[in-house]
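When we follow UniProt numbering, the leftmost residue of the sequence shown carries the number 1, and every step to the right adds one.
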Amino acid sequence: MNDQRKINEITHGKKIADYAEGVWGRSGEAGRIRTERRINLMIENGLIWSGSRVLELGCGTGEFTAKLAQTGASITAIDISPDLIKVAKKKVEKYRNVEVRTADAEELDNFSDGTFTHIVGVSVLHHTDHKKTLESCYRKLAHGGLLLFSEPNMANPQIFLQKNIPWLKKAMGDSPDETAFFRWGLARSLEEVGYRNVSVDNFDFLHPALPDSIVRFCSAPLLVPEIVPLLKEISGSLLITAQK
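Okay, structure coming up:
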């Protein structure tokens with residue numbers, strides 16, 4: 001990560017550390033459901049179990065780390081923000097199978113090549129030079145290892161505006177350099193690095209700002225647009241799976 005981008009991300013992490021879940025849309029009932037669904041999809045799609053060696057990129061406050069830890073897998077969780085890492089360490093301190101450390105997702109030189117069976121991340125690639133990050137991940141994955149990410153979808157109208165209008169980006173709590181991805185472009189980037197069995201799927205029409213009182217009535221019906229041609233292309237998120 002270039003120096004200015006790194007400074008921006010560290011500064012942003014320090015700024016939001018005390019209320020990060022709210023900034024990321026995870027504090028309400030809709031956020032809880034979205035969080036659970038993301039991690040469950042990754043665990044199920046990746047067949048993560050107690051024998052897995054998992055590297056989590058951009059662990060933030062450790063919300064997903066704690067849920068990954070419950071699989072019994074060996075988890076190494078990293079984030080570039082020392083302030084977010086402090087929060088994450090407290091959240092996962094009871095899990096003996098988790099190591100949390102400060103590190104840059106683009107530069108994984110402290111790990112031996114071929115170390116991990118899985119590399120996972122939730123909303124992290126769009127904070128980085130994603131091609132560098134994907135290349136680093138490829139080197140650190142064991143042969144046949146899986147890459148599993150959830151990322152914002154640039155084809156979603158709100159996300160498109162949020163990522164491309166500076167004042168709106170700032171108002172929504174984004175860091176200066178973060179962006180989002182078009183599905184086909186991200187799939188091409190993965191294939192160019194050398195990944196195989198690449199899948200970038202649309203999911204998530206449950207908006208994190210929905211009031212708690214109506215979420216339980218909306219969550220099931222909002223699964224339907226995910227399978228409707230054309231409509232699914234404007235989903236809020238992309239689920240990425242690829243194999244080395």
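Ideal Cβ placement from N, Cα and C applies to all residues, glycine included. None of the values given here were measured: they were computed from a predicted structure.
Per DSSP, the beta bridge partners of Leu55 are Thr76, Ile119. With 16 or more other CB atoms across the displayed protein chains lying within 10 angstroms of its CB, Asp83 is buried.
Residue environment analysis places Arg96 among the exposed positions, since fewer than 16 neighbouring C-beta atoms fall within 10 angstroms of its C-beta. As a beta-bridge residue in DSSP terms, Glu99 pairs with Thr76.
Cβ-Cβ distances below 6 Å link Thr241 to Asn45, Leu148, Ser199 in the same chain, with the five nearest sequence neighbours on each side left out; the list follows chain order. For Phe217, the secondary structure class from DSSP, reduced to helix, strand or coil, is helix. Counting the other Cβ atoms within 10 Å of the Cβ of Pro211 gives fewer than 16, which makes it exposed.
With a beta-carbon spacing of about 6 Å, Thr61 and Lys91 fall inside the 8 Å limit used to define contacts.
CA-CA distance, Ala69 to Lys169, rounds to 33 Å.
Distances from the alpha-carbon of Ile78 to those of Pro229, Cys137, Phe182 put Cys137 closest.
With a threshold of 16 other beta carbon atoms within 10 Å, Lys94 falls short and is exposed. Looking only at Ala88, Leu47, Met154, the smallest Cα-Cα distance to Thr65 is reached by Ala88. If you draw a straight line from the Cα of Glu107 to the Cα of Pro176, it is about 20 Å long. In the displayed model, Pro176 falls within coil according to three-state DSSP, outside both helix and strand. Taking each of Glu9, Ala20, His130, Ile234 in turn and checking the Cα distance to Phe205, the smallest one comes out for Ile234.
With fewer than 16 neighbouring CB atoms inside 10 Å of its own CB, Asp3 falls in the exposed class.
Ile75 sits close to Glu56, with the two beta carbons spaced by under 8 Å. If you draw a straight line from the Cα of Ala209 to the Cα of Ile16, it is about 18 Å long. Within its own chain, the residues whose Cβ lies closer than 8 Å to the Cβ of Leu134, once the five positions on either side in sequence are excluded, are Leu125, Leu147, Ser189, Leu190, Val193, Tyr195, listed in chain order. Rounded to whole angstroms, the separation of the alpha carbons of Gln243 and Asn156 is 26 Å.
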